[in-house]
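Visitor: Be aware that the sequence shown starts at 88, since it is given in our numbering, and climbs by one per residue.
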Amino acid sequence: MSATALSSARRVVVKVGSALLVDRKTGLKQDWLAALVDDICALTKGGAEVMVVSSGAIALGRTILGLSGPQLKLEESQAAASVGQIALASAWSRELARHDAVSGQVLVTLGDTEERRRYLNVRATISTLFKLNAVPVINENDTVATSEIRYGDNDRLAARMATMMSADLLVLLSDIDGLYTSPPDTVENASFILHVEQITPEIEAMAGAARSELSRGGMRTKLDAGKIATAAGTAMIIASGTRLNPLAAINKGERFTYFAPSAQPVKGYKTWIAGNLEPAGRLVVDAGAAAALASGKSLLPAGVKSVSGAFTRGDTVAIVTTDSREVARGLVAYDASDAVKIAGLKTSAIAGVLGYEARGAMVHRDDLVMSRTGGRSKVETGRAGE
88 MSATALSSAR
98 RVVVKVGSAL
108 LVDRKTGLKQ
118 DWLAALVDDI
128 CALTKGGAEV
138 MVVSSGAIAL
148 GRTILGLSGP
158 QLKLEESQAA
168 ASVGQIALAS
178 AWSRELARHD
188 AVSGQVLVTL
198 GDTEERRRYL
208 NVRATISTLF
218 KLNAVPVINE
228 NDTVATSEIR
238 YGDNDRLAAR
248 MATMMSADLL
258 VLLSDIDGLY
268 TSPPDTVENA
278 SFILHVEQIT
288 PEIEAMAGAA
298 RSELSRGGMR
308 TKLDAGKIAT
318 AAGTAMIIAS
328 GTRLNPLAAI
338 NKGERFTYFA
348 PSAQPVKGYK
358 TWIAGNLEPA
368 GRLVVDAGAA
378 AALASGKSLL
388 PAGVKSVSGA
398 FTRGDTVAIV
408 TTDSREVARG
418 LVAYDASDAV
428 KIAGLKTSAI
438 AGVLGYEARG
448 AMVHRDDLVM
458 SRTGGRSKVE
468 TGRAGE
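#1: Could you give the residue range of the alpha helix (DSSP H) that holds K309?
#2: Note the first and the last residue of the continuous beta strand (DSSP E) segment covering A188.
#3: State the DSSP-derived secondary structure class of S327, mapped to helix, strand or coil.
#4: Between A249 and the rest of its own chain, which residues show a CB-CB distance below 6 Å, the 5 nearest in sequence each way excluded?
#5: Quick one: grab the DSSP three-state call for S382.
#6: For M457, write down the residues that DSSP places opposite it in a beta bridge.
#7: If we ignore side chains and look at the alpha-carbon of each, how far apart do R412 and S169 end up?
#8: Could you give the residue range of the beta strand (DSSP E) that holds V395?
#9: Between V479 and V222, what straight-line distance do the alpha-carbon atoms span, to the nearest angstrom?
#10: Determine the extent of the beta strand (DSSP E) in which M138 is found, giving its start and end residues.
#11: Whole-angstrom Cβ separation of A347 and E444, contact assumed at under 8 Å?
#12: Thinking just about the alpha-carbon of each residue, which of R446, A426 and A184 is nearest to the one in S435?
#13: Which runs of the beta strand (DSSP E) at least 3 residues long sit entirely within the stretch 238-277? Give them in chain order.
#14: Buried or exposed for L207, going by 16 or more other Cβ atoms inside 10 Å?
#15: Can you grab the Cα-Cα spacing for the pair Y267 / A318, in whole Å?
#16: For N226, list the residues DSSP reports as bridge partners.
#17: What first and last residue would you give for the alpha helix (DSSP H) that runs through A129?
#18: Which value, in whole angstroms, describes the spacing of the CA atoms of T230 and L194?
#19: Rounded to a whole number of angstroms, what is the C-alpha to C-alpha distance between Q192 and N226?
#20: So if DSSP puts G368 in a beta bridge, which residue, or which two residues, is it bridged to?
#21: So what does A322 bridge to, in DSSP terms?
#22: Kindly indicate which residue of A211, T308, L159 and L441 has the alpha-carbon position closest to the one of L259.
#23: Taking the alpha carbon of I151 as the point to measure from, which residue in G396, D187, L175 and F217 has its own alpha carbon closest?
#24: Helix, strand or coil: which one does DSSP assign to G171?
#25: Return the Cβ separation of G480 and R247 in integer angstroms, given the expectation that the two are a contact with Cβ distance under 8 Å.
#26: Pull up the distance between the alpha-carbon of L370 and that of Y356, whole angstroms please.
#27: Determine contact between the stretch 378-387 and the stretch 411-425, defined as no fewer than three beta-carbon pairs at a distance below 8 Å.
#28: Where DSSP assigns a beta bridge to V99, which residues make up the other side?
#29: Would you identify the three-state DSSP class for T215, choosing helix, strand or coil?
#30: How should I324 be labelled, buried or exposed, when 16 other C-beta atoms within 10 angstroms of its C-beta is the threshold for buried?
#31: Thinking C-alpha only, which one of K218, R203 and V440 is nearest E136?
#32: Which whole-angstrom value describes the C-beta separation of L334 and L108, a residue pair presumed to lie in contact below a C-beta threshold of 8 Å?
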């Protein structure tokens, strides 16, 4: 895959990891940030709209506050974020100002993308920033987020932002230059993958753990991000950010892994459904129901074998097969308590069980999105170190 994916993209989301931006001992890596902003402004001057998802608030704040140790308490993390976010936003604003560019800070929580009204609100704000020629700089609002209500990583947040804004390309800058068949720091003969046509279970099995104490994610979260982005028609690149001017390096042909967008992307309202990060429940379906969904049908209660989760009507649920393979996501038409009662029943029997006239579908096809899975992924590979 050539670097034209970046040079030709009209709307780009760039995700920056904490380990790239912050040194635990010295704080912000000023020279690196300046070089990245040079790259970003080169893209905007070429006509592209660029949005940045920037990690680093907690890492920077803990350095400023002198908080040591591998693990912070929740209240310490939130305090570090409140201090670090001010410093981080100032750094982005200062560097963009060198190019006469304006930055706009957008802090989000999980609910801002999972709840439809708030999702539309965020989208409108960022759209307006683009119209005003500002560069949106987004981060999770770690000052209020807890383990129960957080993304937990900015890879998936970046993918959610990319699909929200119908971006052409998502670039994940990391401390690794792309996807390998196995973790290259532990497997000597790992092969580098240049191009991924589709993220299959085979591809997901190649993911390793996070490579740095400053990183919450790892290759696993990057592949999760890839599934969200590519399903909505956004291409994705994983590239090394450890060098100066990492975006310029991509344009010059330095190695990266390219993930192709779906040829039949989810659009509009269904983009929000497909990108939902934390389904409220799971519906396990039989083979007949899975086949019916694949042919464009709604999910009827008769095809549901079991129900789990504490969801209410209108929540997003994952629809999985008996071997735990997710085949779709959709907005459920029943509360969990009623869904449990009618699972496996024919439509004609539902009213007698629930005591009211039933809806025909557990998940209607208009509120349902098929997952982009199945088959073997076509990949291009090369040896590590080539």
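Beta carbons are placed, not taken as given, at the ideal position from N, Cα and C, and that holds for glycine.
None of these values were measured; they are calculated from a predicted model.
Guide: Put simply:
#1: Looking at the DSSP string, the run of the alpha helix (DSSP H) that includes K309 is M306 to A318.
#2: Where A188 is concerned, there is no enclosing beta strand (DSSP E), given that its DSSP letter is neither H nor E.
#3: Three-state result, S327: strand.
#4: Closer than 6 Å at the Cβ level, and outside the excluded window around A249, lie V100, L257, A316 and T321.
#5: Correct three-state label for S382: coil.
#6: BP columns for M457 point to A415.
#7: Cα-Cα distance, rounded: 40 Å.
#8: Here residue 395 turns out to be Ser, not Val, going by the sequence shown. V391 to G396 is the extent of the beta strand (DSSP E) around S395.
#9: Here the chain covers residues 88 to 473 and nothing more, so residue 479 does not appear.
#10: Note, M138: beta strand (DSSP E), E136 to S141.
#11: The pair is not a contact, with the Cβ atoms about 46 Å apart (cut-off 8 Å).
#12: Of R446, A426 and A184, the residue nearest in Cα terms is R446.
#13: Look at the stretch 238-277 and you find these whole runs of beta strand (DSSP E), each 3 residues long or longer: 256-261.
#14: By the neighbour-count rule (16 or more Cβ atoms within 10 Å), L207 is not buried but exposed.
#15: One C-alpha to the other measures close to 22 Å.
#16: DSSP lists L194 as the beta-bridge partner residues of N226.
#17: First-last of the alpha helix (DSSP H) with A129: Q117 to K132.
#18: Rounded to the nearest whole angstrom, the CA to CA distance from T230 to L194 is 10 Å.
#19: For Q192 and N226, the distance between alpha carbons rounds to 8 Å.
#20: G396 and V404.
#21: BP columns for A322 point to L256.
#22: The option with the nearest alpha carbon to L259 is T308.
#23: Among G396, D187, L175 and F217, the Cα nearest to that of I151 belongs to L175.
#24: In the structure shown, G171 sits in a helix (DSSP, three-state: H, G or I).
#25: Residue 480 lies beyond the residue range present for the chain, which begins at 88 and ends at 473; the question has no answer from this structure.
#26: Rounded to whole angstroms, the separation of the alpha carbons of Y356 and L370 is 21 Å.
#27: Counting Cβ pairs under 8 Å, three or more are found: they touch.
#28: Paired residue(s): V137 and L256.
#29: Look at T215 here: in three-state DSSP terms it is helix.
#30: Buried is the call here.
#31: The shortest C-alpha separation from E136 is found at K218.
#32: Not confirmed; about 14 Å, so no contact.
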